[in-house]
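Colleague: Mind looking over this structure? Questions follow.
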Ligand SMILES: Cc1cc2nc3c(=O)[nH]c(=O)nc-3n(C[C@H](O)[C@H](O)[C@H](O)COP(=O)(O)OP(=O)(O)OC[C@H]3O[C@@H](n4cnc5c(N)ncnc54)[C@H](O)[C@@H]3O)c2cc1C
Ligand SMILES: Nc1ncnc2c1ncn2[C@@H]1O[C@H](COP(=O)(O)O)[C@@H](O)[C@H]1O
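Chains as they are written, first to last, in my numbering: chain A, 53 to 297; chain B, 144 to 463.
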């Protein structure tokens, strides 16, 4: 069994987001970058399925050399090997094209991504890859089992959940509840140092979009306090002042 | 050239987010020219009503292939209509189903893709959309540089406009659909409840509620206000509530008109997912809770004292 897990590298969740160059560039100064949390779930699930079957799990990242600590983390969690496609990941479409070009003739049984990358929140790579590779794409999955050429997944739908069966190969995106992320142990960390990390040059890709500028949300005007003894007052204000109920 | 809107349904009815998407399409068409075509797949009880929200024409796609939702098949059928009708701006709701279509449609149409869009585009020079990024911590203005554009518009981002007109409905049957490699075995929906991502009012609670046995108060308040329920991450991690209610940086990002947070401290990862709410109410016993800084209205008090009173008052308001 051959599995591919796609990984993005994102600012740590505690990061206070700021921009520079006249609000045109994300300010990475002092920011700690981590493996995208949903991709930790994707990798953990892939390992849980592939390891007992004697299979391999490759971790793939489209990005520059500064992502290598996060790639090593994925290897220490248990990924068999890693591939880095050496290009600046400008947007989901560019990234998906790079991944699709790499995957094409490799014969992966299935591919997992995260539900979304918590930086630019595209939530798009799974569907893009599915269409580019002409295979089924199943978004936001919360359960996955694979046996004898068929996968059974549970996925979140609007207002509920659905169980879907699917033939291999396919691509699916990991949602919380899929599993608990693995924490690398000492042996994993040692082993990761010598696991193969292949660097691949990008294919020429298309860029359909470009970021012009960024903005922070308007700060709140200040909070209006209401006495705990007077919840009627709160409802009155919500109805007549804020007009939201 | 036209604007084509994917008209998502639930139980054969158009969702509120669908009416928003149609209104969005109309607004774009008024700027870029062309007509608005709504595409309804898998059956809807009354397609003609979309005319009232801005559709000039409604196309319904029938066939056994569309009986259940499959991203491959729906994307192929929808993209075929977009091509046949010169669709240049394609509007889809940024829901779970919508997002699982948007990427595939963009590939089939060789289009630029923007998910998580929160406002009308700026078409003064080119086509610039505003997107939520960093899980609600910021916004990005993104230029879409291809001739064809696929836009996934976040629920509750634009107003529904009405035009008082009906539109012609025509049924079509697309050819050459792929057969689906997926099969839906079982669907469980929570009926009668608004999905969290689309709710206008959300009542949310955190560790301050002490345990799942106390959630009946949260539910009761939500019912009285016609709201969906949500929770903080530790609450879903401890399985007090289902993970689908977890909002925040690693949960769902929501954008309701009203977000009521009870016994939630207001950590940066939590705020990320909810700070786009129009109005935020915080109920917390600690006057120093960071959440008050992000709130519009606040009550300092013990949830176990405040909630029963608030529920009673909300029931009285709902009844009056
Ligand atoms: C990688 C990462 C990702 C994360 N992602 C998310 C995320 O997506 N969403 C999220 O929510 N969190 C997330 N967190 C966790 C976040 O940092 C906080 O720990 C979490 O939001 C706290 O939840 P809470 O407010 O329910 O609990 P607490 O922080 O324990 O706060 C409980 C609050 O309830 C109040 N309280 C207690 N008793 C009462 C009472 N009787 N009446 C009224 N008030 C009372 C207290 O004053 C306190 O303010 C993430 C953390 C990490 C590390
Ligand atoms: N630069 C990247 N390299 C590899 N995989 C990525 C990259 N960016 C995104 N992905 C994958 O696609 C998922 C969704 O990302 P996005 O569609 O950009 O929100 C992520 O969780 C990753 O699994």
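Every residue, glycine too, gets a C-beta built ideally from N, C-alpha and C.
When you get a sec, list the residues whose CB is within less than 5 Å of any heavy atom of ligand 1, chain order please.
Modeller: 65(A), 349(B), 350(B), 351(B), 375(B), 376(B), 377(B), 391(B), 392(B), 393(B), 394(B), 406(B), 407(B), 408(B), 410(B), 412(B), 413(B), 427(B), 428(B), 429(B), 432(B), 445(B), 446(B)
Colleague: Ligand 3 heavy atoms versus the CB of residue 217(B): any closer than 7 Å?
Modeller: For ligand 3, the structure offers nothing, since it holds only ligand 1 and ligand 2.
Colleague: In angstroms with no decimal places, state the Cα-to-Cα distance between residue 64(A) and residue 81(A).
Modeller: Position 12 of the first chain, counted from the start, is the residue given in the question as residue 64(A). Position 29 of the first chain, counted from the start, is the residue given in the question as residue 81(A). Distance between residue 64(A) and residue 81(A), taken at the CA atoms: about 13 Å.
Colleague: In the DSSP assignment, find the unbroken beta strand (DSSP E) run with residue 222(A) in it and report its ends.
Modeller: By 1-based counting over the first chain, the position of residue 222(A) is 170. First-last of the beta strand (DSSP E) with residue 222(A): 222-226.
Colleague: Specify the secondary structure class of residue 242(A) as computed by DSSP and reduced to three states.
Modeller: Position 190 of the first chain, counted from the start, is the residue given in the question as residue 242(A). Note: residue 242(A) maps to helix in three-state DSSP.
Colleague: Check whether the Cβ atoms of residue 188(B) and residue 236(B) lie closer than 8 Å to each other.
Modeller: As a position in the second chain, residue 188(B) is number 45, starting the count at 1. As a position in the second chain, residue 236(B) is number 93, starting the count at 1. No, they are not a contact pair.
Colleague: At least one CB of chain A closer than 8 Å to the CB of residue 368(B): is that the case?
Modeller: The residue you call residue 368(B) lines up with position 225 of the second chain. It does: the Cβ of residue 368(B) has a partner Cβ on chain A nearer than 8 Å.
Colleague: Who are the near neighbours of residue 343(B) in its chain, counting only those whose CB is closer than 6 Å to its CB and skipping five residues on each side?
Modeller: Translated into positions along the second chain, residue 343(B) becomes position 200. Same-chain partners within the cutoff: 399, 400.
Colleague: Establish whether the CB of residue 282(B) and some CB of chain A are separated by less than 8 Å.
Modeller: Mapped onto the second chain, residue 282(B) falls at position 139. So yes, residue 282(B) belongs to the interface.
Colleague: Counting C-beta neighbours from all protein chains within 10 Å, is the total for residue 439(B) 16 or more, i.e. buried, or is it exposed?
Modeller: Locating residue 439(B) in the second chain gives position 296, where the first residue counts as 1. Classification of residue 439(B): buried, given that the 10 Å Cβ count is 16 or more.
Colleague: Distance, Cα to Cα, residue 185(B) vs residue 129(A)?
Modeller: Within the second chain, numbered from 1, the residue matching residue 185(B) stands at position 42. Within the first chain, numbered from 1, the residue matching residue 129(A) stands at position 77. Taking the straight line joining both Cα atoms gives about 43 Å.
Colleague: Rounded to a whole number of angstroms, what is the C-alpha to C-alpha distance between residue 428(B) and residue 272(A)?
Modeller: Counting from 1 along the second chain, the entry for residue 428(B) is found at position 285. Counting from 1 along the first chain, the entry for residue 272(A) is found at position 220. Approximately 21 Å, taken between the alpha carbons.
Colleague: Can you give me, in chain order, the residues of the segment 257-279 of chain A that have a beta carbon less than 7 Å from any beta carbon in chain B?
Modeller: Residues of the segment 257-279 of chain A with a C-beta atom less than 7 Å from some C-beta of chain B are 260, 261, 262, 263, 264, 265, 266, 267, 268, 269, 272, 275, 276, 277, 278, listed in chain order.
Colleague: Using the DSSP secondary-structure output, state which residues sit across from residue 63(A) in a beta bridge.
Modeller: The sequence position of residue 63(A) within the first chain is 11, counting from 1. 85(A), per the DSSP bridge assignment.
Colleague: Are at least three pairs of beta-carbons, each pair with one atom in the segment 322-335 of chain B and one in the segment 376-384 of chain B, less than 8 Å apart?
Modeller: no
Colleague: Reducing DSSP to helix, strand and coil, say where residue 116(A) ends up.
Modeller: Here residue 116(A) refers to the residue found at position 64 when the first chain is read from its first residue. It is coil, neither helix nor strand.
Colleague: According to the neighbour-count rule (16 or more other Cβ atoms, all chains shown, within 10 Å of its Cβ), is residue 113(B) buried or exposed?
Modeller: An answer regarding residue 113(B) cannot be provided, because it is not within the stretch 144 to 463 covered by chain B.
Colleague: Could you name the residues of the same chain whose beta carbon sits closer than 6 Å to that of residue 111(A), not counting the 5 residues immediately before and after it, in chain order?
Modeller: Along the first chain, one-based indexing puts residue 111(A) at 59. The answer, listed in chain order, is 57, 59, 126, 131, 134.
Colleague: Have a look at 186(A), 88(A), 283(A) and flag the residue whose alpha-carbon is nearest the alpha-carbon of residue 157(A).
Modeller: For this step, residue 157(A) is matched to residue 105 along the first chain. Out of 186(A), 88(A), 283(A), 186(A) has the C-alpha closest to the C-alpha of residue 157(A).
Colleague: Do residue 75(A) and residue 267(A) come within 8 Å of each other at the CB atom, strictly closer than that value?
Modeller: Position 215 of the first chain holds residue 267(A). Position 23 of the first chain holds residue 75(A). Cβ atoms of residue 267(A) and residue 75(A): closer than 8 Å.
Colleague: List, in order along the chain, the chain A residues whose C-beta lies closer than 8 Å to that of residue 329(B)?
Modeller: Walking along the second chain from the start, residue 329(B) turns up at place 186. Chain order gives the chain A residues near residue 329(B) as 214, 215, where near means a beta carbon separation below 8 Å.
Colleague: At the 8 Å Cβ level, is residue 217(B) part of the contact set with chain A, yes or no?
Modeller: The residue given as residue 217(B) occupies position 74 in the second chain. So no, residue 217(B) is outside the interface.
Colleague: At a cut-off of 7 Å, is residue 169(A) close to ligand 2 when judged by its beta-carbon and the heavy atoms of the ligand?
Modeller: The residue you call residue 169(A) lines up with position 117 of the first chain. At a threshold of 7 Å, residue 169(A) counts as near ligand 2, since its beta carbon sits closer than that to one of the ligand's heavy atoms.
Colleague: Taking 7 Å as the cut-off, is the C-beta of residue 172(A) nearer than that to any heavy atom in ligand 2?
Modeller: Along the first chain, read from residue 1 onward, the residue named residue 172(A) stands at position 120. Because some heavy atom of ligand 2 lies under 7 Å away, the Cβ of residue 172(A) counts as near it: yes.
Colleague: Tell me, to the nearest whole angstrom, how far the beta carbon of residue 162(A) is from that of residue 105(A); I am working on the premise that it is less than 8 Å.
Modeller: Mapped onto the first chain, residue 162(A) falls at position 110. Mapped onto the first chain, residue 105(A) falls at position 53. So it is not a contact: roughly 12 Å between Cβ atoms.
Colleague: Just list the residues that DSSP pairs residue 287(B) with in beta bridges.
Modeller: Position 144 of the second chain, counted from the first residue, corresponds to residue 287(B). Answer is 261(A).
Colleague: What residues are listed by DSSP as bridge partners for residue 207(A)?
Modeller: Counting from 1 along the first chain, the entry for residue 207(A) is found at position 155. Within the DSSP bridge table, the entry for residue 207(A) names 193(A), 214(A) as partners.
Colleague: Are residue 320(B) and residue 170(B) closer than 8 Å when you measure CB to CB?
Modeller: In the second chain, the residue the question calls residue 320(B) occupies position 177. In the second chain, the residue the question calls residue 170(B) occupies position 27. No, they are not a contact pair.
Colleague: Which whole-angstrom value describes the C-beta separation of residue 224(A) and residue 164(A), a residue pair presumed to lie in contact below a C-beta threshold of 8 Å?
Modeller: Taking the first chain and counting its residues from 1, one reaches residue 224(A) at position 172. Taking the first chain and counting its residues from 1, one reaches residue 164(A) at position 112. With a Cβ gap of about 6 Å, residue 224(A) and residue 164(A) count as contacting.
Colleague: Could you run through the segment 144-160 of chain A and flag, in chain order, every residue whose CB is less than 8 Å away from some CB of chain B?
Modeller: 144, 145, 148
Colleague: For residue 175(A), which residues in chain B fall below 8 Å Cβ to Cβ?
Modeller: Locating residue 175(A) in the first chain gives position 123, where the first residue counts as 1. Within chain B, the residues near residue 175(A) are 242, 258, 259.
Colleague: Compute the Euclidean distance between the alpha carbons of residue 280(B) and residue 269(A), then round it to the nearest angstrom.
Modeller: Start at 1 with the first residue of the second chain, and residue 280(B) comes out as number 137. Start at 1 with the first residue of the first chain, and residue 269(A) comes out as number 217. Each residue's alpha carbon lies about 7 Å from the other.
Colleague: Bridge partners of residue 200(B), per DSSP?
Modeller: As a working mapping, residue 200(B) is identified with position 57 in the second chain. Per DSSP, 180(B), 311(B).
Colleague: Counting only C-beta atoms, is residue 188(A) closer than 8 Å to chain B at any point?
Modeller: If you number the first chain from 1, residue 188(A) lands on position 136. Output row for residue 188(A): interface = yes.
Colleague: If you follow the beta strand (DSSP E) that residue 328(B) is part of, which residue opens it and which one closes it?
Modeller: If you number the second chain from 1, residue 328(B) lands on position 185. DSSP places residue 328(B) in the uninterrupted beta strand (DSSP E) bounded by 325-332.
Colleague: Quick one: give me the first and last residue of the alpha helix (DSSP H) that residue 286(A) is part of.
Modeller: Locating residue 286(A) in the first chain gives position 234, where the first residue counts as 1. DSSP places residue 286(A) in the uninterrupted alpha helix (DSSP H) bounded by 283-292.
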